[in-house]
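S.K.: Just dropping this structure here.
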Amino acid sequence: MNDSENKPGEIKPSPTLERHAKQLELEKKIEMNMENIQHKIAVISGKGGVGKTTVAANLALFLANKEENVGVLDVDITGPNMHKILGISDRPEVDPSDKSILPVRGPLNIRVMSMAFLLDSDQTPVIWRGPMKMSIIREFLGSVAWGKLTYLVVDLPPGTGDETLDIMQLVKNIDGVIVVTTSQDLSLVSVSKTISMAMKMDVKVLGIIENMSTYQCPKCGYESHIFGKEGGAKVLARHFDIPFLGSIPLDPQDIQFDYGARVSTVEGKAKSSFQGIFERLYSEISKKQ
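Residue numbering for the sequence shown follows the numbering used here, starting at 2 and increasing by one per position.
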């Protein structure tokens, strides 16, 4: 008799029960990992191209500059780019003792995990359906050795898809979400759906950031709202009765590579805006112990 064949009267193992057992084990690991992280903040948007990942990266660097232990999880499975903004090209390693994944160390010792680290190149597409995305997100939450962190910043893809739903369900005691938008009508309509989703999921909305709010001509000094009407994000914040955190101006000269990452310079208007917004958030969140 072949070893793979069952003996008479022997019960065949159930693949369904085995999968269920593995899922329960992974969920326990997720719960244990999340208990070791004091504060969890997700950065979301309604549509792409509004600077959500730039906000998430700057937030992580701000917190790391406060000498906090910080992790960043890029949950944009099909379009990861946090590694580019943080200037990371390393690959994660596996701890041989327990087979856990060791996050890549980024600038200021930030621990980073992204789908980009698992791809052959930045041109490699991820052509996955929902269940596969959900599976890798669970692995990122449960199988990555995040260790003890003060803050985990989660960079979510735009919209209200599987990735966003998964994070809102799996990350227990999440402090809340920061919503990033421009003042374009299309962006405001899209982001209102994301805000409504968070509220239905009973996840706190920490506030709205209006990114790329104005552009000042370097020659004449004229300031223009090139991405929509003035105050659109403020109106949306009042509509949902959530905080308006502030506006970030668009100024290409305010952005440079610093600490190996694409962040705002000290002298620029964008840096000053980021700093003010994050200081207020930091003061509010750090009160929650």
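Every residue gets a Cβ at the ideal spot worked out from N, C-alpha and C, and that includes glycine.
1. Does the separation of the CB atoms of residue 175 and residue 45 fall below 9 angstroms?
2. Under DSSP, the beta strand (DSSP E) around residue 250 begins and ends at which residues?
3. Can the beta-carbon of residue 149 be found less than 9 angstroms from the beta-carbon of residue 37?
4. So which of 240, 103, 76 and 288 has the shortest CA-CA distance to residue 189?
5. Decide if residue 211 is buried, meaning its Cβ has at least 16 other Cβ atoms within 10 Å, or exposed.
6. Please work out which residues of its chain come closer than 7 angstroms, Cβ to Cβ, to residue 235, disregarding the five sequence neighbours upstream and downstream, and give them in chain order.
7. Using only CA atoms, which one of 98, 58, 77 and 185 lies nearest to residue 1?
8. If you draw a straight line from the C-alpha of residue 151 to the C-alpha of residue 40, how long is it?
9. Give a yes or no on whether the minimum CB-CB distance between residue 118 and chain D is below 9 angstroms.
10. So what does DSSP say about residue 162, is it helix, strand or coil?
11. Which residues in the same chain as residue 69 place their Cβ atom closer than 7 angstroms to its Cβ, once the five residues preceding and following it in sequence are excluded?
12. Does DSSP put residue 83 in a helix, a strand or coil?
13. For the beta strand (DSSP E) that contains residue 186, what are its first and last residues?
14. Return the first residue and the last residue of the alpha helix (DSSP H) that residue 140 is part of.
15. Below 7 angstroms CB to CB, which residues in the same chain sit around residue 54 once its five sequence neighbours on both sides are set aside?
16. Kindly identify the DSSP beta-bridge partner or partners of residue 32.
17. What does the alpha-carbon distance come out to for the pair residue 237 and residue 187?
18. Please state whether the Cβ-Cβ distance between residue 105 and residue 92 is less than 9 angstroms.
19. Does the region 158 to 170 come within contact of the region 127 to 137, defined as at least 3 CB pairs closer than 8 angstroms?
20. Looking at residue 214 and residue 248, is the spacing between their C-beta atoms short of 9 angstroms?
21. Could you work out which residue in 196, 131, 170 and 126 is closest to residue 160 when comparing CA atoms only?
22. Alpha carbon to alpha carbon, what distance is there between residue 15 and residue 2?
23. Between which two residues does the beta strand (DSSP E) containing residue 69 stretch?
24. With burial defined as no fewer than 16 other Cβ atoms inside 10 Å of the residue's Cβ, what is the status of residue 272: buried or exposed?
25. So, at 6 angstroms on beta carbons, what are the nonlocal neighbours of residue 198 in its own chain, with the 5 sequence-adjacent residues on each side left out?
26. Once you ignore the five residues that flank residue 288 on each side, which residues in its own chain have a CB closer than 8 angstroms to its CB?
27. Classify residue 92 as helix, strand or coil using the three-state DSSP reduction.
M.R.: Well, looking at it:
1. Here residue 175 is taken as the residue at index 174 of the sequence shown, counted from 1. Here residue 45 is taken as the residue at index 44 of the sequence shown, counted from 1. Contact annotation: residue 175 and residue 45 have beta-carbon atoms that are not nearer than 9 angstroms.
2. Counting from 1 along the sequence shown, the entry for residue 250 is found at position 249. Its beta strand (DSSP E) spans residues 245 to 251.
3. Along the sequence shown, read from residue 1 onward, the residue named residue 149 stands at position 148. Along the sequence shown, read from residue 1 onward, the residue named residue 37 stands at position 36. Yes, Cβ-Cβ distance for residue 149 and residue 37 is below 9 angstroms.
4. By one-based count along the sequence shown, residue 189 stands at place 188. Ranking the options by Cα distance to residue 189, first place goes to 240.
5. Working through the sequence shown from its first residue, we reach residue 211 at position 210. Within 10 angstroms of the beta-carbon of residue 211 lie 16 or more other beta-carbons, which makes it buried.
6. In the sequence shown, residue 235 corresponds to position 234, counting from 1. Around residue 235: 245.
7. With the chain represented from 2 up to 290, any question about residue 1 goes unanswered, as that position is not in the structure.
8. In the sequence shown, residue 151 corresponds to position 150, counting from 1. In the sequence shown, residue 40 corresponds to position 39, counting from 1. Rounded to whole angstroms, residue 151 to residue 40 spans 6 angstroms at the Cα level.
9. This model lacks chain D altogether, as it is built from one protein chain only.
10. As a first step, residue 162 is located in the sequence shown; it is residue number 161 there, counting from the start. The answer is coil: DSSP assigns residue 162 none of H, G, I, E or B.
11. Taking the sequence shown and counting its residues from 1, the one referred to as residue 69 is at position 68. Excluding the 5 residues flanking it on each side, residue 69 has same chain C-beta neighbours closer than 7 angstroms at 151 and 152, in chain order.
12. For the purposes of this step, residue 83 is taken as the residue at position 82 of the sequence shown. Note: residue 83 maps to helix in three-state DSSP.
13. For the purposes of this step, residue 186 is identified with residue 185 of the sequence shown, where counting begins at 1. Not the beta strand (DSSP E): residue 186 falls in the alpha helix (DSSP H), residues 186 to 201.
14. The residue labelled residue 140 in the question sits at position 139 within the sequence shown. In the DSSP assignment, residue 140 falls within the unbroken alpha helix (DSSP H) covering 131 to 143.
15. Position 53 of the sequence shown, counted from the start, is the residue given in the question as residue 54. Residues of the same chain with a CB within less than 7 angstroms of the CB of residue 54, apart from the 5 flanking positions on each side, are 82, 83, 86 and 156 in chain order.
16. Taking the first residue of the sequence shown as 1, we reach residue 32 at position 31. According to DSSP, which records beta bridges pairwise, residue 32 is partnered with nothing at all.
17. Taking the sequence shown and counting its residues from 1, one reaches residue 237 at position 236. Taking the sequence shown and counting its residues from 1, one reaches residue 187 at position 186. Cα-Cα distance, rounded: 13 angstroms.
18. Your numbering for residue 105 matches position 104 in the sequence shown. Your numbering for residue 92 matches position 91 in the sequence shown. In contact: residue 105 and residue 92 (Cβ atoms closer than 9 angstroms).
19. yes
20. By one-based count along the sequence shown, residue 248 stands at place 247. By one-based count along the sequence shown, residue 214 stands at place 213. Yes. Within cutoff.
21. As a position in the sequence shown, residue 160 is number 159, starting the count at 1. Nearest of 196, 131, 170 and 126 to residue 160, Cα basis: 196.
22. Numbered from 1 along the sequence shown, position 1 holds the residue referred to as residue 2. Numbered from 1 along the sequence shown, position 14 holds the residue referred to as residue 15. Annotation note: pLDDT 48 at residue 2 (below 50); position unreliable, no value reported.
23. Here the question's residue 69 lines up with position 68 in the sequence shown. That residue, residue 69, is in no beta strand (DSSP E); it is neither H nor E in DSSP.
24. For the purposes of this step, residue 272 is taken as residue 271 along the sequence shown, with counting starting at 1. It counts as buried.
25. Walking along the sequence shown from the start, residue 198 turns up at place 197. Closer than 6 angstroms at Cβ, skipping near neighbours: 161.
26. In the sequence shown, residue 288 corresponds to position 287, counting from 1. Counting only Cβ-Cβ distances below 8 angstroms, and skipping sequence neighbours, we find nothing.
27. On the sequence shown, position 91 is the one that residue 92 refers to. Residue state, collapsed to three classes: coil.
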